[in-house]
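Trainee:
2 protein chains.
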Amino acid sequence: MGDSRRPTIKTVAARAGVGRTTVSRVLNGSPLVSPEARAAVMEAIAELNYVPNSVARSLVTSRTDSIALVIPESESRLGAEPYFSAIIRGVSLQLATTRVQLLLTLVRDQRELDRLTEFLSARRVDGVLLVSVHRDDPLPGLLQELGLPTVLAGRRSPDEPLNHAHSDNVGGATEAVRHLLERGRRSIATITGPLDMEVGNSRLQGWADALAEGGIEPDDALVAPADFTEEGGRVAMRALLERRPALDAVFAASDVMAAGALAELNRRGRRVPDDVAVVGFDDSIVARHTDPPLTTVRQSVEEMGRTITRLLLQEIAEPGSAEKCVLLPTSLVVRDST
Amino acid sequence: MGDSRRPTIKTVAARAGVGRTTVSRVLNGSPLVSPEARAAVMEAIAELNYVPNSVARSLVTSRTDSIALVIPESESRLGAEPYFSAIIRGVSLQLATTRVQLLLTLVRDQRELDRLTEFLSARRVDGVLLVSVHRDDPLPGLLQELGLPTVLAGRRSPDEPLNHAHSDNVGGATEAVRHLLERGRRSIATITGPLDMEVGNSRLQGWADALAEGGIEPDDALVAPADFTEEGGRVAMRALLERRPALDAVFAASDVMAAGALAELNRRGRRVPDDVAVVGFDDSIVARHTDPPLTTVRQSVEEMGRTITRLLLQEIAEPGSAEKCVLLPTSLVVRDST
DNA sequence: CCACGTGATGGGATCGTTCCCATCGTGGTG
DNA sequence: CACCACGATGGGAACGATCCCATCACGTGG
Chain Y
1 MGDSRRPTIK TVAARAGVGR TTVSRVLNGS PLVSPEARAA VMEAIAELNY VPNSVARSLV
61 TSRTDSIALV IPESESRLGA EPYFSAIIRG VSLQLATTRV QLLLTLVRDQ RELDRLTEFL
121 SARRVDGVLL VSVHRDDPLP GLLQELGLPT VLAGRRSPDE PLNHAHSDNV GGATEAVRHL
181 LERGRRSIAT ITGPLDMEVG NSRLQGWADA LAEGGIEPDD ALVAPADFTE EGGRVAMRAL
241 LERRPALDAV FAASDVMAAG ALAELNRRGR RVPDDVAVVG FDDSIVARHT DPPLTTVRQS
301 VEEMGRTITR LLLQEIAEPG SAEKCVLLPT SLVVRDST
Chain E
1 MGDSRRPTIK TVAARAGVGR TTVSRVLNGS PLVSPEARAA VMEAIAELNY VPNSVARSLV
61 TSRTDSIALV IPESESRLGA EPYFSAIIRG VSLQLATTRV QLLLTLVRDQ RELDRLTEFL
121 SARRVDGVLL VSVHRDDPLP GLLQELGLPT VLAGRRSPDE PLNHAHSDNV GGATEAVRHL
181 LERGRRSIAT ITGPLDMEVG NSRLQGWADA LAEGGIEPDD ALVAPADFTE EGGRVAMRAL
241 LERRPALDAV FAASDVMAAG ALAELNRRGR RVPDDVAVVG FDDSIVARHT DPPLTTVRQS
301 VEEMGRTITR LLLQEIAEPG SAEKCVLLPT SLVVRDST
């Protein structure tokens, strides 16, 4: 045995006693090939252990059968933030039935952004998934210019032009705060996500909406912006307690920030939920492990991953055919922190 | 303005008034090109906004400038298990200075394994990183056969033939148990990782070694195998308490399992560390968030990611040139659970 | 009986690079 | 002055697939 060289389509054709084109047809499932020829080709393929060279295929079809998942990690959140892991799982799950491969790109700084830009300009992927986009993110615009199929998880503004999926952030946040009101809380603070992200604004909006519903006038001193990190949550909590020592509830725009807030409350001897009730957002794993376990707004991040992938594949297959925007529902999970 | 078509090397050559080859030389940094020609080419590239087609390049060089990171996720651990996120961060960090891209492949079942096998046979990557390998994993063997550069995080046995890096699991575990002995504990149980993985065995070995050092005979009833999951840790803890109600310490082979054990101990009203001391392994984020915070053996998983990537790149550049085996140190981090 | 449509087939061109080799000029040397 | 070595250059072939188009056999209808 053994050519050290991998067999090519020519080898297979010779072996099967047919032309290259016929082999190619069998490979691509064309109906224009006789049963005998097909059988011969299949046999030759099996005998030679032939695997088509996808690079050569890519060159002529100009498709790569791969997509990129871009994760901005300036705050080194992958790992601390279970969100990204869940997205990855969902994406991978949705790709499992296809032959499409996943390229993971963490973008930490300008240099890496430049490298990514070049990579995308070279069209080394068929499409791009963008996660955690900030308002002034240069990437979405670039992708739009390049005409590279793109789907966002989340959106930059309510009139996002790019295809995207997003959770019902306003609705989820409203429900959370409504729940606090029902529990009799009146001085409800909020720790927000980054306000240059739509997700940050929406959850803040939901907080304000629920208060308005309850006839309570929003108090700016009860709003502390943070950055989705635990440390940010801690700092924000500290600031809130200084400004409004009498607050009796906090709605944090993520579980991780809520965990930080809880730590700070514990440190100061405020009892949760007796003195201060806390609600998070995401229903990530941390929510079940805080002390006490966290009431939170569930969003299925894995489902988000699946959805944006589905949209992207659709958009790649037939540009313009995918839904522009998909809204994913949220639901309140009540635990012991409220 | 403009051609809708992307410029090719020919376009650039024409624009610069030189031949294709000269452009190619400039692109690849060959010294055999005059300063004037080089300048002309650079200018043409900038004007045309030319980006080389890497697929075409791959076809002739038969290099893809990408590597695959394979994560077996049968237990859907990505996310629950911070290990994988940390590996990804490390790998990505090490790749940042190169032009190599990262392909992430989660393998959940046989079908996905088949798909991956075909993918690797087609040599669509230059090398492979393998994480969390089990003793009877078919992938390492396949890769060896294919002659595809491969590096493992961890190893299958102490005489692993493939390039790999591994933490000092025996040493770390020994140190942990020694620490428990110093704290005066005598009935020290262990919750192991999967015993069909070397990491599981080594940490168990370390436990036994330390006991031997302390003149204590290992008791089989104090060994409960689990699977690195929190639920597994909980179940194992339950079994241990049933078999040896008087145990006064537990060494868990991962923080996540330790968290499960803690939960079970709390549920049963055993005080930690007063009644039972607990040590974990990994120093992952969960270790700082359990109640009480976990004493644990630190291993730098991110460093592991960087190391295996470095080895792989080296092995790709010059097969056989990389170190066969790199040992990464561990260190004990003492918190409140002991 | 012949022209014609149709299914099956294969050869040539092509995708955009890199690599091999031939060519050309030029300055140094015997 | 002839020759040579060497740096610079460019054209042709190759990488391994797909796609376009010409060809061919064959059955059918006029």
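Chain order of the listed sequences is Y and E. Position 303 (the first sequence) corresponds to 303 in UniProt numbering; numbering is contiguous. Position 320 (the second sequence) corresponds to 320 in UniProt numbering; numbering is contiguous. By construction, the Cβ of each residue, glycine as well, lies at the ideal position given by its N, Cα and C atoms. Since we're looking at a predicted model, the values are computed, not measured.
Under 8 Å between beta-carbons, which chain E residues line up against E118/Y? List them in chain order, please.
Mentor: Residue 118/Y sits at position 118 when you count from the first residue of the first sequence. Going along chain E in sequence order, the residues near E118/Y (Cβ under 8 Å) are V51.
Trainee: Do L139/E and I88/Y come within 8 Å of each other at the CB atom, strictly closer than that value?
Mentor: As a first step, residue 88/Y must be located in the first sequence, where it is residue number 88. As a first step, residue 139/E must be located in the second sequence, where it is residue number 139. Not a contact, by the Cβ cut-off of 8 Å.
Trainee: Whose Cβ in chain E lies nearer than 8 Å to the Cβ of I9/Y?
Mentor: As a position in the first sequence, residue 9/Y is number 9, starting the count at 1. Neighbours of I9/Y on chain E: none; closest Cβ ~13 Å, over 8 Å.
Trainee: Who are the Cβ neighbours of L142/Y in its own chain at under 8 Å, not counting the five residues just before and after it?
Mentor: Position 142 of the first sequence, counted from the start, is the residue given in the question as residue 142/Y. The answer, listed in chain order, is T117 and L120.
Trainee: By the criterion of Cβ-Cβ separation under 8 Å, what are the contact partners of H289/Y in chain E?
Mentor: If you number the first sequence from 1, residue 289/Y lands on position 289. Chain E residues near H289/Y: A259, V286, H289 and T290.
Trainee: Could you tell me whether the segment 264-274 of chain E touches the segment 309-318 of chain E, using the rule of 3 or more Cβ pairs below 8 Å?
Mentor: no
Trainee: Just to confirm my understanding: we take L152/Y, look at its own chain, exclude 5 residues before and 5 after, and list those with CB closer than 6 Å. What are they?
Mentor: Looking up residue 152/Y in the first sequence gives position 152. The residues are L130, V133, L162 and H164.
Trainee: Compare the C-alpha of G17/E against each of I45/E, S30/E and S300/E and name the closest.
Mentor: By 1-based counting over the second sequence, the position of residue 17/E is 17. Ranking I45/E, S30/E and S300/E by Cα distance to G17/E puts I45/E first.
Trainee: Drop a sphere of 10 angstroms on the beta-carbon of K10/Y, count the other beta-carbons inside from all chains shown, and report buried for 16 or more, exposed for fewer.
Mentor: Here residue 10/Y refers to the residue found at position 10 of the first sequence. Flag for K10/Y reads exposed.
Trainee: Cα-Cα, which of R124/E, T296/E, G280/E and S30/E is closest to A252/E?
Mentor: Within the second sequence, the letter at position 252 stands for residue 252/E. For the residues R124/E, T296/E, G280/E and S30/E, the minimum Cα distance to A252/E belongs to G280/E.
Trainee: Identify the contact partners of R306/E in chain Y, using a Cβ-Cβ distance below 8 Å as the criterion.
Mentor: Here residue 306/E corresponds to residue number 306 of the second sequence, with the count starting at 1. Within 8 Å Cβ-Cβ: nothing; R306/E doesn't reach chain Y, min ~13 Å.
Trainee: To the nearest angstrom, how far is it from the Cα of R244/E to the Cα of Q314/Y?
Mentor: One-based indexing of the second sequence puts residue 244/E at position 244. One-based indexing of the first sequence puts residue 314/Y at position 314. Rounded to whole angstroms, R244/E to Q314/Y spans 57 Å at the Cα level.
Trainee: Can you find a CB in chain Y that lies within less than 8 Å of the CB of L104/E?
Mentor: The residue given as residue 104/E occupies position 104 in the second sequence. Judged by the 8 Å Cβ criterion, L104/E is in contact with chain Y.
Trainee: Could you tell me whether any Cβ in chain E is nearer than 8 Å to the Cβ of V70/Y?
Mentor: As a first step, residue 70/Y must be located in the first sequence, where it is residue number 70. No - not a single Cβ of chain E is within 8 Å of the one on V70/Y.
Trainee: Using a 10 Å radius around the Cβ and a threshold of 16 neighbouring Cβ atoms, would you call Q66/Y buried or exposed?
Mentor: Residue 66/Y sits at position 66 when you count from the first residue of the first sequence. Rather than Gln, the amino acid found at residue 66/Y in this sequence is Ser. Per the 10 Å Cβ criterion, buried.
Trainee: Which runs of the beta strand (DSSP E) fall wholly inside the segment 267-302 of chain E and span at least 3 residues, in chain order?
Mentor: 277-282 and 295-299
Trainee: Would you report the Cα separation of R57/Y and T64/E, rounded to the nearest angstrom?
Mentor: Along the first sequence, one-based indexing puts residue 57/Y at 57. Along the second sequence, one-based indexing puts residue 64/E at 64. The alpha-carbon atoms of R57/Y and T64/E are separated by roughly 14 Å.
Trainee: Suppose you measure from the CA of G269/Y to the CA of L262/Y; what does that come to, to the nearest Å?
Mentor: By 1-based counting over the first sequence, the position of residue 269/Y is 269. By 1-based counting over the first sequence, the position of residue 262/Y is 262. Those two C-alpha atoms are separated by around 10 Å.
Trainee: Looking at E231/E: is its Cβ nearer than 8 Å to the Cβ of L332/E?
Mentor: As a first step, residue 231/E must be located in the second sequence, where it is residue number 231. As a first step, residue 332/E must be located in the second sequence, where it is residue number 332. No, these two residues do not count as a Cβ contact at 8 Å.
Trainee: Could you spell out the range, first to last residue, of the alpha helix (DSSP H) harbouring T61/E?
Mentor: Residue mapping note: residue 61/E aligns to position 61 of the second sequence, counting from 1. Per DSSP, T61/E is one residue of the alpha helix (DSSP H) stretching across S54 to T61.
Trainee: Helix, strand or coil for A86/E per DSSP?
Mentor: Taking the second sequence and counting its residues from 1, the one referred to as residue 86/E is at position 86. Helix.
Trainee: Tell me F251/Y's beta-bridge partners as DSSP assigns them.
Mentor: Taking the first sequence and counting its residues from 1, the one referred to as residue 251/Y is at position 251. Looking at the DSSP output, F251/Y sits in a beta bridge with T190/Y and V279/Y.
Trainee: Skipping 5 residues on each side, what residues in its chain have a beta carbon closer than 7 Å to that of A259/Y?
Mentor: One-based indexing of the first sequence puts residue 259/Y at position 259. Correct list, in chain order: E230, G233, V286 and T290.
Trainee: Three-state secondary structure (DSSP) at V131/E?
Mentor: In the second sequence, the residue the question calls residue 131/E occupies position 131. In this structure, V131/E counts as strand in the three-state DSSP scheme.
Trainee: Under 8 Å, with one C-beta from each stretch per pair, do the segment 181-196 of chain Y and the segment 204-222 of chain Y reach the 3-pair mark?
Mentor: yes
Trainee: My output table needs one value for S66/E: the three-state DSSP class, helix, strand or coil.
Mentor: As a working note, residue 66/E is residue 66 in the second sequence. Assigned with DSSP and collapsed to three states, S66/E falls in strand.
Trainee: Beta-carbon of S85/Y versus every beta-carbon of chain E: anything under 8 Å?
Mentor: Reading the first sequence from its first residue, position 85 is the one you call residue 85/Y. With 8 Å as the cut-off, S85/Y counts as an interface residue toward chain E.
Trainee: Within this structure, are the beta carbons of V60/Y and V41/Y separated by less than 8 Å?
Mentor: Taking the first residue of the first sequence as position 1, residue 60/Y is located at position 60. Taking the first residue of the first sequence as position 1, residue 41/Y is located at position 41. In this structure, V41/Y does not lie closer than 8 Å to V60/Y by Cβ.
Trainee: Identify each residue in the segment 32-49 of chain E for which the Cβ-Cβ distance to at least one residue of chain Y is less than 9 Å, and report them in chain order.
Mentor: Of all residues in the segment 32-49 of chain E, those with a C-beta nearer than 9 Å to a C-beta of chain Y are N49, reading in chain order.
Trainee: Beta-carbon of R5/Y versus every beta-carbon of chain E: anything under 8 Å?
Mentor: Position 5 of the first sequence, counted from the first residue, corresponds to residue 5/Y. So no, R5/Y is outside the interface.
Trainee: Which partner residues of P225/Y appear in the DSSP bridge assignment?
Mentor: Position 225 of the first sequence, counted from the start, is the residue given in the question as residue 225/Y. P225/Y pairs with T192/Y.
Trainee: Against L211/Y, what residues of chain E qualify as contacts under a CB-to-CB distance less than 7 Å, listed in chain order?
Mentor: The residue given as residue 211/Y occupies position 211 in the first sequence. Residues of chain E passing the Cβ test: none, with the nearest at roughly 31 Å.
Trainee: Using CA coordinates, which residue listed in D282/E, G200/E, L27/E and D196/E is at the minimum distance from E81/E?
Mentor: In the second sequence, the residue the question calls residue 81/E occupies position 81. That would be D282/E, whose Cα lies nearest to the Cα of E81/E.
Trainee: So, at 8 Å on beta carbons, what are the nonlocal neighbours of R38/E in its own chain, with the 5 sequence-adjacent residues on each side left out?
Mentor: Within the second sequence, residue 38/E is the residue found at index 38, counting from 1. For R38/E, the CB contacts under 8 Å within the same chain, skipping 5 residues up- and downstream, are V26 in chain order.
Trainee: Counting only Cβ pairs nearer than 7 Å, list the residues of chain Y close to E112/E.
Mentor: Position 112 of the second sequence holds residue 112/E. In chain order: A96.
Trainee: Is L195/E closer than 8 Å to M237/E when the C-beta atoms are compared?
Mentor: Taking the first residue of the second sequence as position 1, residue 237/E is located at position 237. Taking the first residue of the second sequence as position 1, residue 195/E is located at position 195. Taking 8 Å as the Cβ cut-off, M237/E and L195/E do not qualify as a contacting pair.
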